[in-house]
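Residue numbers (our numbering): 1182 to 1411.
From the three backbone atoms N, C-alpha and C, an ideal C-beta is built for every residue, glycine too.
Just so we're clear, the structure is a prediction, and the values are computed from it rather than from any experiment.
Scroll down for the structure; my scribbles are underneath it.
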Amino acid sequence: MLSVNGISSAYGESIILRDVHLEVGNGQVVALMGRNGVGKTTLLKTIMGLIRPVQGNILYDSKDITGLSPEMRAINGIGYVPQGRDIFPHLTVQENLLLGLEARGKKADIPEGIFELFPALKNLLARKGGDLSGGQQQQLAIARALITEPKLLIMDEPTEGIQPSIVYEIENAIRFIKEQGNVSILLVEQFMEFALRLSDYCYIMEKGSIVFNGAVGDLSREEIRNHLTI
Ligand SMILES: Nc1ncnc2c1ncn2[C@@H]1O[C@H](COP(=O)(O)OP(=O)(O)OP(=O)(O)O)[C@@H](O)[C@H]1O
Ligand SMILES: [Mg+2]
């Protein structure tokens, strides 16, 4: 599904990612974990085409997408839920959702399935994005990515700064998506237990490199924790 091969990325002169390899298989949920500032978001932005790598390539559905624009990646079925959510604060929930569809070249109505996944959003359609709680904004950001029917969903810290009851709803939503089996997920997450409950495979990054990876069932929690705690 997704194959990141030897990616190095930089901001100007400062190299952030060094020779990163990562795979997401069909229907898999793969977690990418690591402490603050190790380069997790930089890797997701590179996969989305928001940053051009200085080395390496990215294959999606066996095609090399390294040179494609972010728009073309989205049209090809890669959905992105950015860190911090990036909701348009002055647009309503409905407008935010429709914009998600239009940005990816689709003109259609909001599918009802979205409200089965996030029932709270249905009553908030006329509300301004900026007036939602952090948890509601996160649900909106995930919904906005999902209505484009991505084949690969990339999420950057969906539980960051969110109260526990909403974290639980987001976990259930991700599990539901996983059980449907037609969307692969790359999940960046610092909340270890949340990530491990949902994932099949996990990668840990330190200083821009993958230092540890394996099937979740085979990994020792202790070892993962050692890589994540300061
Ligand atoms: N636009 C930028 N210009 C220059 N340096 C940047 C930029 N964005 C991030 N960095 C630096 O790149 C490094 C990796 O940042 P990145 O945001 O990828 O980390 P992260 O693992 O996502 O961290 P967090 O868990 O806090 O979200 C950090 O040292 C950060 O300061
Ligand atoms: Mg980040």
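Is the beta carbon of residue i within less than 7 Å of some heavy atom of ligand 2?
i     : result
Q1264 : yes
D1337 : yes
K1226 : no
K1388 : no
T1222 : yes
Please return the same chain residues whose Cβ sits closer than 7 Å to the Cβ of residue i, not counting the five positions on each side in sequence.
i     : result
S1250 : G1230
R1308 : T1273 and V1274
G1362 : G1208
Considering only residues of the same chain and omitting the five flanking positions on each side of residue i, which have a CB-CB separation below 8 Å?
i     : result
F1296 : L1302 and K1303
F1375 : T1340, V1348 and E1352
N1186 : H1202, G1237, N1238, I1239 and L1240
Alpha carbon to alpha carbon, how far is residue i from residue j?
i     : j     : result
E1293 : I1268 : 21 Å
N1394 : K1388 : 15 Å
L1218 : S1401 : Per the sequence shown, residue 1218 should be read as Gly rather than Leu. So the two alpha carbons sit approximately 24 Å from each other.
I1158 : L1327 : The chain is shown from 1182 up to 1411; residue 1158 falls before or after that span and cannot be answered.
I1411 : M1373 : 14 Å
S1380 : K1226 : 21 Å
R1254 : H1408 : 32 Å
L1224 : A1289 : 31 Å
I1323 : I1366 : 12 Å
R1233 : L1213 : 20 Å
Can you pull the DSSP bridge partners for residue i?
i     : result
A1396 : Y1382
I1239 : V1185
A1212 : L1368 and C1383
L1333 : I1259 and S1365
V1201 : I1188
I1405 : Partner(s): none; I1405 has no beta bridge.
Please list, in chain order, all residues of the same chain as residue i whose beta carbon is under 6 Å from its beta carbon, the five residues on each side excluded.
i     : result
Y1241 : L1183
N1257 : none
L1377 : V1397
G1204 : Note that residue 1204 is Glu in the sequence shown here, rather than Gly. So the list reads S1184, once near-sequence residues are dropped.
I1347 : G1316
S1390 : R1199
F1412 : Missing from the structure shown is residue 1412; the chain here goes from 1182 to 1411 and no further.
Q1264 : T1222, D1337 and E1338
Within 7 Å: the Cβ of residue i and any heavy atom of ligand 1?
i     : result
Q1371 : yes
I1295 : no
S1401 : no
For a test of your reading of the model: does the CB of residue i fall under 7 Å from any non-hydrogen atom of ligand 3? Yes or no.
i     : result
Y1261 : Ligand 3 is not part of the structure shown, which contains ligand 1 and ligand 2 as its ligands.
Unbroken stretches of the alpha helix (DSSP H), 4 residues or longer, contained in the region 1269-1297
1274-1284
Quick one: complete beta strand (DSSP E) runs, 3+ long, within the region 1341-1376?
1365-1369
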